[in-house]
Ligand code: VGL
Ligand code: ZN
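Numbering (my numbering), first residue to last: 697 to 896.
Here it is in structure tokens:
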């Protein structure tokens, strides 16, 4: 059985010029496109927040971007407003071959809960449905790429490994936000969860 390629959040707001730009976020697009032909399925994830989402610093009086607040489900980093539903920033990078996608899965649409992972919202219990899709199509191995290494790729890869998928993250086709050591913590966490990290 071939693997499924999971492309995390390659959207304008995470690329240079975007609201939550990740350095070099646009440099991975061609390499990701080149992997699509070898995959048994291509899944794109799309961060998709309603205006006023609870993960936005602008929704919390007295807080700024990158502050951390306590939510009912645990600590949450506050972000600049980004990936607002149907806005240009929420669209995929123009160069990404979105026509090759079997499935586009949107996440972060619940106003009260953020969703870094492609599998579960940040409460760690509300499923997105992606597990069922992949299992019913028979996939056991996943290759993950995209943005950002230390947030949505990290949470998606660790959840997938916990669910029992064999997971490889192509770190050369990811880029990180890297807040206060979050990249190293993500690498350590993914490794501990049994995720294979490779850079080619
Ligand atoms: C992401 C922060 C907020 C990501 C999404 O795609 O890594 N990071 N929303
Ligand atoms: Zn987001």
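Backbone N, C-alpha and C define an ideal beta-carbon position, used for all residues, glycine too.
- Taking C-beta atoms as the reference points, residue 709 and residue 779 count as a pair closer than 7 Å.
- Taking all protein chains in view, the Cβ of residue 812 is crowded by 16 or more other Cβ atoms within 10 Å, so the residue is classified as buried.
- The ligand ZN has no heavy atom closer than 6 Å to the beta-carbon of residue 748.
- With 16 or more neighbouring CB atoms inside 10 Å of its own CB, residue 741 falls in the buried class.
- Within 10 angstroms of the beta-carbon of residue 894 lie fewer than 16 other beta-carbons, which makes it exposed.
- For residue 743, the shortest separation between its Cβ and any heavy atom of the ligand ZN lies below 6 Å.
- In this structure, the straight-line span from the alpha carbon of residue 801 to that of residue 732 is close to 17 Å.
- Within a 10 Å sphere around the beta-carbon of residue 865 sit 16 or more other beta-carbons, which makes this residue buried.
- Closest in C-alpha terms to residue 809, from the list 891, 773 and 735, comes 773.
- Here residue 889 carries a coil assignment [DSSP, helix/strand/coil].
- Linking residue 843 to residue 700 through their CA atoms gives a straight-line distance of about 17 Å.
- In this structure, the straight-line span from the alpha carbon of residue 794 to that of residue 882 is close to 27 Å.
- Here the C-alpha atom of residue 716 lies approximately 12 Å from the C-alpha atom of residue 706.
- Between the alpha carbons of residue 798 and residue 713 lies a gap of roughly 28 Å.
- Annotation for residue 854: the continuous alpha helix (DSSP H) segment containing it runs 850 to 858.
- In this structure, 816 is the residue among 816, 719 and 697 with its C-alpha nearest to the C-alpha of residue 828.
- Scanning 697, 727 and 887 for the CA closest to the CA of residue 846 turns up 887.
- In this structure, DSSP gives residue 823 an extended state, which the three-state scheme calls strand.
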